[in-house]
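Residue numbers (our numbering), protein chains in the order written: chain A, 676 to 1048; chain B, 193 to 501; chain C, 14 to 279.
Backbone N, C-alpha and C fix where the C-beta goes; we use that ideal spot for every residue, glycine too.
Structure first, then comments.
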Amino acid sequence: MLYRETGQFKTSYTADMAIFPIRQDRIALWILLAVAFVGVPLLANFHIWPLGSDYLLRAILIPFLILALATIGLNILTGYCGQLSLGSGAFMAIGAYSAYKFSTGVHILLPWLEISIPPLPLLPSILLGGVMAALVGILFGVPSLRIKGLYLAVATLAAQFFFDWVFIRVKWFTNYTSSGSVAAPDLYFFGVLVNTPIERYIVCLIFVTVFAFLAKNLVRGNLGRQWMAIRDMDIAAELMGIRPLYAKLMAFAISSFMVGVAGALWAFVYLGAWEPLAFNIDRSFQLLFMVIIGGLGSILGSFLGAAFILILPILLDQVPHALGIPISVETVSLLVFIVTGALICFLLIVEPHGFARLWSTGKEKLRLWPYPY
Amino acid sequence: MVSFGQFLEVLISGLLAGVLYSLVALGFVLIYKASGVFNFAQGAMVLLAGLALVRSLDAMVAFGFPPWAAVGLGLLFAAVIMAITAWLIERFVLGPLVNQDGLTLFMSTIGVTFILEGGSQMLFGSDVYPLRLFPTDAWFFGESRFPGGILVNKLDVWGGMIAAVLVAALAIFFQHTKTGRALRAVADDHAAAQSVGIPISWIWFIVWLAAGLVALVAATVWGTKLGVQFSITFLALKALPVLIIGGFTSVPGAILGGLIIGAGEKLAEAYLGPSIGGGIEYWFAYVLALAVLLIKPQGLFGERIIERI
Amino acid sequence: MRAPGGAEVAADDILLSVESVSLSFGGVKAVSDVSFDIRKGEIRAIIGPNGAGKTSMLNIINGFYHPQQGRITFKGKTRSKMHPYEAADGGIARTFQNVALFKGMSALDNIMVGRTLKMNRGFLWQMLRVGPALAEEVEHRHRVEEIIDFLKIQSIRKMQVARLPYGLQKRVELGRALAMEPDLLLLDEPMAGMNMEEKEDMSRFILDVNNHYGTTIALIEHDMGVVMDLSDRVIVLDHGIKIADGTPDEVRQNQAVIDAYLGIAH
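Right under this line is the structure:
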């Protein structure tokens, strides 16, 4: 089937503005969803290649989904709204630890403040974790009206290092464990115990699909356009009647919410037991790379970037082995550094809009194929 | 109760540590002043220079060279490595991106950081390599006035003196040489500088080479202090608050910023630390920078940008 | 109130009036004690040699610069300075000397940004994009398509504006300003860099906007022919000071104006 739009005439603006206006794209999406929701669990259940063992699910698909969610969150802030953030790891941590506290009961007994909340079920805990992250995000977003560009990035670094410290030092967050690391409670979603990799995968898949859909709607609408206007030329945007404070705070809030939820999922569903190191500055940079490589300002790009960064170390490890070249673990990790760095430079030179733009350029060519133009 | 002697000790060690931060920050200022690019890779350059130096030094000493010759040749070798790196960066990364906006160039330096971090360790090894170029013992003075005396680390003092010499040299370079003027022109406007015949590729190579040499100097001091290892690259992050306070384009500002951050950190750790739980040094510099930004969005000495449309 | 032409002008025919406005940056005086008014429905040109303070004047009206002295009265309300949001909300729209389009978006999206003030559905509705939010999006798309038809840019509406030729970019920028349904449209050198044909097109659009929508227009322009043909009244600035104010004919014969330009015949 050739990739053509011929004959697909839109008769309403609604149809023209759909997420996937081209029929072939819609079909591709349905197939993808079918594979993700039905195909993968089936294959895993019956241990059919490539899901013969749990490896693909546990080590690749689940972290991919959660990191893609975090990347979408960061993309909203940095890619769509143009506010560089180097502290997304901290927001994941806030989401994770807040969700932990909500799920194990919050008891604050200060002379001037007494709060006692019983342990909440898992879903509300995770969402509230996101809300906490959003509130902190708004706090760090307030300066963004006056502080711009690189200076704002330093402010986000302040958030990163400060919260790194908070979650190590303030024992209240870890419920006073001696080791400083925390274990998530059993995962009960609507009364169903989620334990096997397939079940964890489905939970993550549902979260990611819902959030990706909401995010895509948001960036296509009025608020998304306001964000992009501020990113491209904030003075002109203000002169059009856009209120920069509102739009920027919304970007920080929504972005931090998603990153916080991703953090909670990362801790509860993927890791099971974690410590603050899981959310340190390396994580922040990892997310930033996913955004840059996948494509700034693209929901699809967030998925592509996350997949790429996650798979790269595995590729660099497996390919030499397959070719029979001996390579140490250490060399692999150094190679990952070099390749990631080189790829960022390469992409910035050749296609600053990342894989997502390469993808859409590829589709453009596909629409014309077999004609050259 | 805290004695004045203790306070002086913390203050002095903080100021001197701050000078060491300035050494790294100077590299940033150099590149930003001359090309308008914020070079995130400065920390990685310190690592590369340090590794090149210490590995060649160790190899030569093992080979039987007398120490002074080994050090001299080691420094030369490291300088050559930095020159090659500068050329490669200009040719393959900066050159192609010459007219892009600041954010793109900044992100490309993040890419360069990772290439350098991986590459330098691949070439020279990824262990911790101790460096012994300066005395590291302590020096006590004022024993008559303060009980126990004031402890000052000799290495820090060496670092301070080196920084002073470097600042003086850079200041002269920028103000009074033809190349220095050309660099300032390029920083202002790439296209305009090109149109008056300033060869941008050559200029950028010189700038990155100079920054590489500054990184080498910083590596000698920091390498002696911490040993040459991967974590040295995080110095780049610490330089950011220094630059915010001192300004991105001011050489004396980098020193001042370093002093403020260094002293601030140590004092906060000593006096605030015990009541909050310690480890404040981890984030204090950044929060201080954030506080400064809230009052002055362009940093303490930044120029107020008048926007035009 | 008497206009220079001698006719009586009722106070509520004045859409915008600027009184004794001065603006300086550091030591540079961009605008010195300038006063003028703009009547409803007219096309007012602001001309003058380079550096006369014309763009600064527009920036003051827009709320981007805040004058040190003077007052601005817009739609009967007097302020000592405007804020960008107040200006936009009050019905002032603007195009810019160096096209200030949002480079990362398509032409259609750029013009849709102009509808921001009119779109009210909260972000929660936008996320779901059903019912009210979708209806609002469609309704404003209708309006924007009307503007696209008017400016004849249908074929490029989905293109990234960064890829459009300069003349089309200027048209998209005009469309974005029109999308705000402004009462006062400020145009900063709308014809700059255009050839004869493009200038004729743009002139026609400007006249159409004025006739069809009744929009009051203030425009900065260097092309004297355009100024004489299009405008009802003209202000001349030189070094931040107003040196003439009247109909195109009056201004053309004003000696001070001729001296200021000295040789700029078009």
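Do V434(B) and the ligand MG come close, with the Cβ less than 7 Å from some heavy atom?
The ligand MG is not part of the structure shown, which contains no ligands of any sort.
Would you check if the distance between the CB atom of G415(B) and the CB atom of V434(B) is smaller than 8 Å?
no
Tell me which same chain residues have a C-beta within less than 7 Å of the C-beta of V869(A), skipping the five on either side of it?
Within the same chain, Cβ atoms closer than 7 Å to the Cβ of V869(A) are found at L862, R875 and V878, the five residues on either side in sequence being excluded.
Within 10 angstroms of the Cβ of M209(C), are there 16 or more other Cβ atoms? Answer buried if so, exposed if not.
exposed
Counting only Cβ pairs nearer than 9 Å, list the residues of chain B close to P818(A).
L482, L485, L486 and P489
Under 8 Å by Cβ, that's how I've got P203(C) and L181(C) pegged, so tell me the actual separation to the nearest angstrom.
Going by Cβ atoms, the distance from P203(C) to L181(C) rounds to 13 Å, so no, they are not a contact pair.
Taking Cβ-Cβ distances below 7 Å as the criterion, which residues of the stretch 121 to 149 of chain C are in contact with chain A?
D122, M125, V126, G127, T129, L130, M132, F136, Q139, M140, L141, R142, A146 and L147
Can you list, in chain order, the residues of its chain with a C-beta nearer than 7 Å to that of A271(B)? Leave out the 5 residues immediately preceding and following it.
L405 and L408
Proximity below 8 Å, CB of G770(A) to CB of G805(A)
Contact flag set, yes.
Can you look up N345(B) in the DSSP assignment and give me helix, strand or coil?
It is a strand residue.
Under 8 Å between C-beta atoms of V936(A) and L744(A)
yes
According to DSSP, is V31(C) part of a helix, a strand, or is it coil?
strand
Count the other CB atoms within 10 Å of the CB of L243(B); is the residue buried (16 or more) or exposed (fewer)?
buried
For A460(B), does the count of other Cβ atoms within 10 angstroms reach 16, so buried, or fall short, so exposed?
buried
What are the residues of the stretch 298 to 318 of chain B that lie near chain A, defined by any Cβ-Cβ distance shorter than 8 Å?
Only those residues of the stretch 298 to 318 of chain B whose C-beta falls short of 8 Å from the nearest C-beta of chain A are listed: F298, M299, S300, I302, G303, V304, T305, F306, I307, L308, E309, G310, G311, Q313, M314 and S318.
Can you check whether the C-beta of E874(A) is within less than 8 Å of a C-beta belonging to chain C?
Answer no: the Cβ-Cβ gap between E874(A) and chain C never drops below 8 Å.
Return no unless some Cβ of chain A is closer than 8 Å to the Cβ of L212(B).
no
8 Å Cβ cutoff, I974(A) in contact with chain C
The beta-carbon of I974(A) is placed no less than 8 Å from the nearest beta-carbon of chain C.
Other residues of its chain near E211(C): CB distance less than 7 Å, five sequence neighbours each side excluded
Excluding sequence neighbours, E211(C) sits near G180.
What is the DSSP secondary structure of D262(C), counted as helix, strand or coil?
Residue state, collapsed to three classes: helix.
Are the CB atoms of L798(A) and F864(A) nearer to each other than 8 Å?
yes
For the stretch 192 to 218 of chain C, list the beta strand (DSSP E) runs that are entirely contained and at least 3 residues long, ordered along the chain.
197 to 201
On a Cα-Cα basis, can you pick out the residue from V484(B), V349(B), H368(B) and V420(B) that is closest to A330(B)?
V349(B)
Less than 8 Å separating the beta-carbons of L1041(A) and F230(B)?
When the beta-carbon positions are compared, L1041(A) and F230(B) stay at least 8 Å from each other.
Between the Cα of V841(A) and the Cα atoms of M692(A), P951(A) and A734(A), which residue gives the shortest distance?
Among M692(A), P951(A) and A734(A), the Cα nearest to that of V841(A) belongs to P951(A).
Roughly how many angstroms lie between the CA atoms of G470(B) and M965(A), to the nearest whole one?
34 Å
Alpha helix (DSSP H) segments (min. 4 residues) lying fully within the stretch 956 to 1023 of chain A:
956 to 969 and 974 to 998
Take V112(C) as the anchor and find which of V249(C), D236(C), G238(C) and L177(C) has the nearest alpha-carbon.
L177(C)
Under 7 Å Cβ to Cβ from H279(C), same chain only, skipping five residues before and after it: list those, please.
A caution first: H279(C) carries a pLDDT of 37, below 50, which makes its placement in the model unreliable, though a value can still be read off. For H279(C), where only same-chain residues beyond five positions count, the Cβ hits under 7 Å are D236, M237 and G238.
Simplified DSSP state of Q173(C), which is helix, strand or coil:
The answer is strand: DSSP assigns Q173(C) an E or B state.
Min CB distance Q699(A) to chain C below 8 Å
no
Closer than 8 Å is the cut-off here; do at least three beta carbon pairs connect the stretch 471 to 480 of chain B with the stretch 829 to 846 of chain A?
yes
I'd like the ranges of any beta strand (DSSP E) spanning at least 3 consecutive residues and lying wholly in the stretch 894 to 942 of chain A.
none
Listed from N- to C-terminal order along the chain, which residues in the stretch 101 to 119 of chain C have their beta-carbon within a distance smaller than 9 Å of any beta-carbon of chain A?
Residues of the stretch 101 to 119 of chain C with a Cβ closer than 9 Å to any Cβ of chain A, in chain order: A101, D102, I105, A106, R107, F109, A113, L114, F115, K116, G117 and M118.
Does any C-beta atom of chain B lie closer than 8 Å to the C-beta of A771(A)?
Not a single C-beta of chain B is nearer than 8 Å to the C-beta of A771(A).
Need the endpoints of the beta strand (DSSP E) that R107(C) sits in, please.
I105 to R107
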